[in-house]
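Taken in order, the sequence shown gives residues 24 to 201; the numbers are from the numbering used here. Virtual Cβ for every residue (Gly too), placed ideally from N, Cα, C. Since the model is a prediction, treat every value here as computed from it, not as a measurement. Structure first, commentary second.
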Amino acid sequence: IMEIKKEKKTAGKTIYEGNILRLYRDEVEFPDKHKSAREVVEHSGGVSVLAENEAGKVLLIKQYRYPVDEVIYEIPAGKLELDEDVVDCAGRELREETGYTAEKFTKLFEFFPTPGYSTETIYIYQAENLKFVGRDLEEGEYIEVVPKSREELRELLKAGKIKDSKTLIAVMYYLGDF
24 IMEIKKEKKT
34 AGKTIYEGNI
44 LRLYRDEVEF
54 PDKHKSAREV
64 VEHSGGVSVL
74 AENEAGKVLL
84 IKQYRYPVDE
94 VIYEIPAGKL
104 ELDEDVVDCA
114 GRELREETGY
124 TAEKFTKLFE
134 FFPTPGYSTE
144 TIYIYQAENL
154 KFVGRDLEEG
164 EYIEVVPKSR
174 EELRELLKAG
184 KIKDSKTLIA
194 VMYYLGDF
């Protein structure tokens with residue numbers, strides 16, 4: 024069995040620093056002394072929420088996503104702020120995007136959506152005992168809440184209508200399709 028060894032950073036520089044990410048380029052050396060470069064997007068991560076309302080429907084949202092130029096289905100989610108507690112972020116995003124609060128959040132998954140070039144970690148939590156209190160969208164957010172039954176979720180999956188990775192994972196977990 025081959026032992027996988029880490030690459031050693033020999034130099035690095037920031038190429039771009041914006042509001043939600045930083046792009047840097049590192050020079051690295053492999054254990055065999057071969058050299059290469061790594062371009063990395065540094066991102067604070069995000070939290071997403073699998074939530075079922077009082078009617079037994081999963082709360083999906085539809086919103087336009089500029090990078091892919093499509094209106095897509097997603098579960099409620101948002102970017103972690105610096106030093107923000109993950110559960111606090113889950114509660115904030117659920118409330119802002121759907122108008123619901125939850126008594127309890129249970130961690131389901133933690134994953135790297137694009138580990139080949141990004142530090143981003145996404146956490147998926149399940150929200151329990153929901154209560155509707157009213158939405159609180161941020162400026163520039165145009166989101167439609169679209170509750171879906173199990174059968175409707177299955178149909179969306181079969182039709183290829185769910186393209187967002189965190190939503191695919193959460194919905195397949197919810198449906199027991201793992």
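Kindly list the residues whose CB is nearer than 6 Å to the CB of residue i, restricted to its own chain and excluding five residues on each side of it in sequence; keep chain order.
i      : result
Lys28  : Pro54
Val169 : Leu83 and Lys85
So, using beta-carbon positions, are residue i and residue j closer together than 8 Å?
i      : j      : result
Lys36  : Arg45  : no
Leu103 : Gly69  : yes
Ala74  : Thr121 : yes
Phe135 : Thr144 : yes
Ser141 : His66  : yes
Would you identify the three-state DSSP class for residue i, choosing helix, strand or coil?
i      : result
Tyr123 : strand
Ser67  : coil
Arg21  : This structure cannot speak to residue 21, because the chain is shown only from 24 to 201.
Lys181 : helix
Tyr47  : strand
Leu191 : helix
Ala78  : coil
Gly139 : coil
Glu30  : coil
Glu116 : helix
Glu164 : coil
Glu133 : strand
Taking its Cβ as the centre, do 16 or more other Cβ atoms sit within 10 Å of residue i, making it buried, or is it exposed?
i      : result
Pro99  : buried
Tyr146 : buried
Leu153 : buried
Lys58  : exposed
Leu105 : exposed
Thr137 : exposed
Ile23  : What the structure shows of the chain is the stretch from 24 to 201, and residue 23 is not part of that stretch, so it cannot be assessed.
Val194 : buried
Thr33  : exposed
Gly101 : buried
Enumerate in chain order the residues of its own chain whose CB-to-CB distance from residue i is below 8 Å, with the five nearest sequence positions on each side excluded.
i      : result
Phe128 : Val72, Val110, Ala113, Gly114, Tyr148, Gln149, Ala150 and Glu151
Leu198 : Arg173, Leu176, Arg177 and Leu180
Ile38  : Leu46, Tyr47, Arg48 and Glu62
Glu162 : none
Glu93  : Tyr87 and Lys186
Rounded C-beta distance between residue i and residue j? I'm assuming under 8 Å.
i      : j      : result
Val81  : Lys184 : The pair is not a contact, with the Cβ atoms about 14 Å apart (cut-off 8 Å).
Glu119 : Arg158 : 7 Å
Lys31  : Glu52  : 5 Å
Leu83  : Tyr96  : 5 Å
Tyr87  : Tyr165 : 7 Å
In chain order, what residues of the same chain have a beta carbon less than 7 Å from the beta carbon of residue i, not counting five sequence neighbours either side?
i      : result
Lys56  : none
Lys130 : Tyr146 and Tyr148
Tyr196 : Leu131
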